[in-house]
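Below you'll find the structure, written out as structure tokens, and then a few comments.
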Amino acid sequence: MTTEPHSAAAAEGEVPGDDPSGPIPLRLLPDTARVSGQGHLHIGGCDLVDLAAEFGTPLFVYDEAHLCARCRDVVGAFDGGAAYAAKAFLCAAMARLAISEGMDIDVASGGELQTVLRAFDDDVAQRVVLHGNNKSVAELAMAREAGVGRIVVDSFAELDCLDELHRADGAVPRVLLRVTPGVRAETHEYISTGQADSKFGFGIGQGVAIAAVERAAAMSSIELVGIHCHIGSQVFRVESLARALDVVAEFAAPLFGDGGPAAGRLEELSIGGGLGVAYVESEQAPTITEWGDVLSSRWAALARQHGLGARLVAEPGRAIAAAAAVTLYTAGSIKEVPGVRTYVAVDGGYGDNPRPMLYGSDYTAFMPARAGEPRPDRVRLVGKHCESGDVIVRSAPMPAGLATGDLVATPVTGAYGYSMGAPYNRIGRPAVVFVAGGDARLVIRRETVDDMLALDVL
Ligand SMILES: Cc1ncc(COP(=O)(O)O)c(C=O)c1O
Numbered sequence: 008m009t010t011e012p013h014s015a016a017a018a019e020g021e022v023p024g025d026d027p028s029g030p031i032p033l034r035l036l037p038d039t040a041r042v043s044g045q046g047h048l049h050i051g052g053c054d055l056v057d058l059a060a061e062f063g064t065p066l067f068v069y070d071e072a073h074l075c076a077r078c079r080d081v082v083g084a085f086d087g088g089a090a091y092a093a094k095a096f097l098c099a100a101m102a103r104l105a106i107s108e109g110m111d112i113d114v115a116s117g118g119e120l121q122t123v124l125r126a127f128d129d130d131v132a133q134r135v136v137l138h139g140n141n142k143s144v145a146e147l148a149m150a151r152e153a154g155v156g157r158i159v160v161d162s163f164a165e166l167d168c169l170d171e172l173h174r175a176d177g178a179v180p181r182v183l184l185r186v187t188p189g190v191r192a193e194t195h196e197y198i199s200t201g202q203a204d205s206k207f208g209f210g211i212g213q214g215v216a217i218a219a220v221e222r223a224a225a226m227s228s229i230e231l232v233g234i235h236c237h238i239g240s241q242v243f244r245v246e247s248l249a250r251a252l253d254v255v256a257e258f259a260a261p262l263f264g265d266g267g268p269a270a271g272r273l274e275e276l277s278i279g280g281g282l283g284v285a286y287v288e289s290e291q292a293p294t295i296t297e298w299g300d301v302l303s304s305r306w307a308a309l310a311r312q313h314g315l316g317a318r319l320v321a322e323p324g325r326a327i328a329a330a331a332a333v334t335l336y337t338a339g340s341i342k343e344v345p346g347v348r349t350y351v352a353v354d355g356g357y358g359d360n361p362r363p364m365l366y367g368s369d370y371t372a373f374m375p376a377r378a379g380e381p382r383p384d385r386v387r388l389v390g391k392h393c394e395s396g397d398v399i400v401r402s403a404p405m406p407a408g409l410a411t412g413d414l415v416a417t418p419v420t421g422a423y424g425y426s427m428g429a430p431y432n433r434i435g436r437p438a439v440v441f442v443a444g445g446d447a448r449l450v451i452r453r454e455t456v457d458d459m460l461a462l463d464v465l
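Taking my numbering, I'd label the letters of the sequence shown as residues 8 to 465.
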């Protein structure tokens, strides 16, 4: 299996990273994480040991202050505007938090769209961007009826469908065209989307994207307002994203510039999301501000050079949500394989964090009741699902003496954990709490067997 690369900087030995045998470094934890005098980890003023006792395990604990701060970082970094990529983690509380921090929301399905719409009494649709490489007629109809701010069109079939829907009701949605620039992000192949051989978007290299702009500009059933480009996720080299801007600017200039078939239609250029985050002690990632600065200044120069007036917008998910959360588990069976390793099985696993199995992703671990202690032991932290590949952390650093019943935690689990999880083996997904100012509020309740049985039809 191909593994996601560690940070480019770490791989090149430019940054030392943290000692994986030392205490869990605060930089991998949410902003408000503190170790108490007792050695317990507190987040948002709440003791994780108390949260596990109150809400049970597995449990996702999100630091609200951290989420708000990252949203503000993004809003500050992109003058043109920014959307939170809801696929990273979505529930009604998260939608409200992102909107109240000034972000729009990017949704990738009718389900995500409805979650956002239903989270608000007032009309939030204008703040929503709809994505999807295979949107159904029903999804497009729902988005148009709700009046979403933008639809990011991925295919000619979608343009046909928008035309058809327009004939019935005359509505004219604002549209961006998603293009694939042929720039490969240095990340796992499953989350790399900018290369020509991709299921997403109109290829620039093959001339397909030109045809899409020509067609969209001539349609009266949509209002073409821009171009969208997302080259992949968990990207550490901001330069890869900046290279995509170079390609898009080159592509857009003759089409959207004076005399082009879409002259004056490039209001907005979205560079998508993709900023990587550090998951383990050896990794370092650029900050949101560094990412925004590089991209904004590159776009300002390109826009000047090519005479393009578009504002640059972005839609990060991982960089906002990943490090905001930790997952709490209870250790169950502990199995020694003499001379090989120790397996520590916990009460969750693949169902709340499929990333290690999907991408070979690395995580680290710690004990919330002994957060200030060194972690000299190495164990393999595994889940309870019926798969040998259900490994959460291949080599988890732990304080000595971890025993059955102890609380263990994995940091940086706030993105693509809960949202990609599944009730495999009919093990329900965990509860999710938001913590702030010493209070914890349940934002997603634990999934029960009754929830699953409710879908069975006899
Ligand atoms: C179109 C689009 N925008 C934004 C994102 C968010 O990416 P990330 O969470 O890496 O910031 C994704 C994720 O794959 C995406 O496909």
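For each residue, glycine too, the CB sits at the ideal point set by N, CA and C.
The structure displayed is predicted, hence computed values, not measured ones.
Would you give the residue range spanned by the alpha helix (DSSP H) that residue i belongs to?
i	result
L124	G117 to R125
M364	R362 to Y366
T296	I295 to H313
P418	Taken as a continuous stretch (DSSP letters only), P418 belongs to no alpha helix (DSSP H), being part of the beta strand (DSSP E) at L414 to P418.
F62	L55 to F62
S247	V245 to F263
M459	V456 to L460
D80	E71 to A84
R222	V215 to A225
I327	R325 to A328
Cβ atoms of residue j and residue i: under 9 angstroms apart, would you say?
i	j	result
G424	P381	no
I234	A260	no
H228	G280	According to the sequence provided, residue 228 is Ser. The question's His does not apply to it. The answer is no: Cβ separation not under 9 angstroms.
Y370	T417	yes
L124	I158	no
M405	V415	yes
P268	A310	no
L97	T64	no
R401	R387	yes
F85	S303	yes
P30	V287	no
L66	L335	yes
R325	A92	yes
A352	G339	yes
D130	K142	no
F62	R453	yes
V135	A145	no
A126	P375	no
L169	M110	no
L273	V232	yes
A95	A429	no
G358	Y431	yes
A293	F243	Correcting the residue type first, residue 293 is Pro in the shown sequence and not Ala. A contact, by the Cβ cut-off of 9 angstroms.
R77	I327	yes
L319	S277	yes
G51	A447	yes
Give the range of the beta strand (DSSP E) segment to which residue i is assigned.
i	result
M101	Taken as a continuous stretch (DSSP letters only), M101 belongs to no beta strand (DSSP E), being part of the alpha helix (DSSP H) at A99 to S107.
D384	D384 to V389
G233	E230 to H235
T334	A332 to V344
Y350	R348 to V353
M427	Neither: M427 is in no beta strand (DSSP E) and is coded neither H nor E.
V287	Run containing V287: none; DSSP gives neither H nor E here.
M405	V398 to M405
F96	F96 -> no beta strand (DSSP E), and no H or E assigned at all.
H49	L48 to I50
E275	E275 to S277
R185	R181 to T187
I112	D111 to V114
A443	A438 to A443
Using a Cβ-Cβ distance cut-off of 9 angstroms, determine whether residue i contacts chain B.
i	result
M226	In the structure shown, chain B cannot be found, because there is only a single protein chain.
* Taking 8 angstroms as the threshold, find out whether the segment 425–440 comes into contact with the segment 406–414 through three or more Cβ pairs. => no
* Do three or more CB pairs link the segment 71–82 to the segment 301–317 at distances below 8 angstroms? -> no
* Asked: Between the segment 178–188 and the segment 206–226, are three or more C-beta pairs nearer than 8 angstroms?
  -> yes
* Asked: Are the segment 322–335 and the segment 34–46 touching, with three or more C-beta to C-beta distances below 8 angstroms?
  -> yes
* Taking one C-beta from the segment 102–116 and one from the segment 167–184 each time, how about it: are there three or more such pairs within less than 8 angstroms? -> no
* Runs of beta strand (DSSP E) lying entirely within the segment 120–178, each at least 3 residues, in chain order -> 135–137 and 157–160
* Count the C-beta pairs between the segment 45–60 and the segment 247–257 that are closer than 8 angstroms, then say yes if the count reaches three, no if not. => no
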